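Peer 1: Numbering follows our numbering, in which position 12 of the sequence shown is assigned residue number 1330; successive positions increment by one, without gaps. By construction, the Cβ of each residue, glycine as well, lies at the ideal position given by its N, Cα and C atoms. Just so you know, these numbers come straight off a predicted model, no measurement behind them. Just passing along the structure, written as structure tokens.
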Amino acid sequence: MDIKMIKFRLLSDGRGGLIAIEQLKDIPFEIKRVYYIFDVTEGAQRGFHAHKNLQQVMFCPNGSCKIRLDDGTEKAEVLLDSPDKGLLVKSNIWREMYDFTPGTVLMVLASDYYDEGDYIRDYAEFYRSLKDFNLEEM
Ligand code: TYD
């Protein structure tokens, strides 16, 4: 699977860490929404959906978690364990987030506003939608 990691530039010095993120420079889209997941219950897993159009960049400014990605053909696992390590999640990718260590914050930059209509929350429907998508592409 084609996984695009984005390495953010560290502007840290003797006083501590600093990272700046700019849309269309560090992030390949205009950022319309930012949300973050925190205080995750031990053992909890999140996500379990794909998006029809939305693109996202995920990173952990603090702590770590794992992201399972599935494009319907291949699965991959990405560990986000550093504030300078971003993961681009394109549309039509099933994602699951898990193994959150205590105190983790998962930050997500999104290419569009929240729209429940853009979600596919059923794996079978996701799988079917890929076939339709691929037929359209032919
Ligand atoms: P959900 O998609 O279940 O979160 P996750 O992907 O982390 O498992 O979202 C939880 C609830 O929050 C759900 O009712 C939708 C709502 N929500 C918003 O209203 N705006 C948002 O930007 C997001 C991401 C979720």
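CA-CA distance, phenylalanine 1464 and arginine 1333?
Peer 2: Here the chain comprises residues numbered 1319 to 1456, so residue 1464 is not present and cannot be evaluated.
Peer 1: Measure the CB-CB distance between phenylalanine 1356 and valine 1423 and report whether it falls below 8 Å.
Peer 2: In contact: phenylalanine 1356 and valine 1423 (Cβ atoms closer than 8 Å).
Peer 1: For lysine 1408 versus glutamine 1363, is the C-beta distance shorter than 8 Å?
Peer 2: No, they are not a contact pair.
Peer 1: How long is the line joining the alpha carbons of methionine 1319 and leucine 1336, rounded to whole angstroms?
Peer 2: Cα to Cα, the separation comes out at about 31 Å.
Peer 1: Is the region 1397-1415 close to the region 1372-1389, with three or more CB pairs under 8 Å?
Peer 2: Cβ pair count under 8 Å is three or more, so yes.
Peer 1: Indicate whether aspartate 1436 and lysine 1370 have their beta-carbon atoms separated by less than 8 Å.
Peer 2: Yes, these two residues count as a Cβ contact at 8 Å.
Peer 1: Quick check on DSSP: helix, strand or coil for alanine 1442?
Peer 2: It is helical.
Peer 1: For a minimum of 3 consecutive residues, which ranges assigned as the beta strand (DSSP E) are wholly contained in the region 1327-1386?
Peer 2: Fully enclosed beta strand (DSSP E) runs of 3 or longer: 1351-1355, 1364-1369, 1374-1380.
Peer 1: Between the Cα of glycine 1390 and those of Cys1378, Arg1327, Pro1379, Arg1446, spot the shortest distance and give me the residue it belongs to.
Peer 2: Among Cys1378, Arg1327, Pro1379, Arg1446, the Cα nearest to that of glycine 1390 belongs to Arg1446.
Peer 1: Compare the C-alpha of serine 1400 against each of Asp1331, Thr1419, Ile1345, Asp1440 and name the closest.
Peer 2: For the residues Asp1331, Thr1419, Ile1345, Asp1440, the minimum Cα distance to serine 1400 belongs to Thr1419.
Peer 1: Is it buried or exposed for valine 1375, if we count other Cβ within 10 angstroms and need 16 for buried?
Peer 2: Buried, since its Cβ has 16 or more Cβ neighbours within 10 Å.
Peer 1: Leaving out the 5 sequence neighbours to the left and right, which residues in its chain are closer than 6 Å to leucine 1397 when beta-carbon positions are compared?
Peer 2: Correct list, in chain order: Lys1384.
Peer 1: Quick check: what's the CA-CA separation for leucine 1427 versus aspartate 1402?
Peer 2: Rounded to the nearest angstrom, the two C-alpha atoms are 14 Å apart.
Peer 1: Please list, in chain order, all residues with a C-beta atom less than 5 Å from at least one heavy atom of the ligand TYD.
Peer 2: Ordered along the chain, the selected set is Tyr1353, Arg1364, Gly1365, Tyr1432.
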